[in-house]
């Protein structure tokens with residue numbers, strides 16, 4: 002939802018539909034990532050979250066699987082860590098977490114370490 006909001010604000014959403022038809026989803030995902038500044042000092046997702054979060058408010062992130070190819074869960078977590086310091090964060094993740102790293106859709110592994118814990122199924 003945040004990505005759609007940003008694209009609408011920039012007047013870029015309708016152009017995205019044309020890009021996808023003409024050049025495909027992979028090309029579109031690259032263009033959107035660059036437009037939003039994923040992982041850069043001008044990351045619009047991080048700015049939007051920071052501007053909307055109140056102190057001590059719980060942040061709940063959903064839709065990670067829907068935006069696969071544009072932004073990854075580890076990128077959001079790593080970048081939010083430096084922007085949001087006093088808010089609890091819950092991320093619904095379509096995959097598994099082994100206490101060290103995530104496995105998106107239980108298929109795509111990464112080598113990133115997280116200071117996270119599994120909320121559901123935790124004993």
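Numbering (this note's numbering), first residue to last: 2 to 124. Backbone N, C-alpha and C define an ideal beta-carbon position, used for all residues, glycine too.
**Prompt:** Between 31, 14, 55, which lies nearest to residue 71 when the distance is taken from Cα to Cα?
**Reply:** Closest by alpha carbon: 31.
**Prompt:** Helix, strand or coil: how does DSSP classify residue 40 here?
**Reply:** Correct three-state label for residue 40: coil.
**Request:** Give the C-beta separation of residue 13 and residue 36 to the nearest angstrom, bearing in mind that I take them to be a contact with Cβ-Cβ under 8 Å.
**Result:** Rounded, the Cβ-Cβ distance is 6 Å, consistent with contact.
**Request:** Measure the CB-CB distance between residue 39 and residue 91 and report whether it falls below 8 Å.
**Result:** In this structure, residue 39 sits away from residue 91, with a CB-CB distance that is not shorter than 8 Å.
**Prompt:** What did DSSP end up calling residue 66 once you bin it into helix, strand or coil?
**Reply:** When secondary structure is reduced to three states using DSSP, residue 66 falls in the coil class, being assigned neither helix nor strand.
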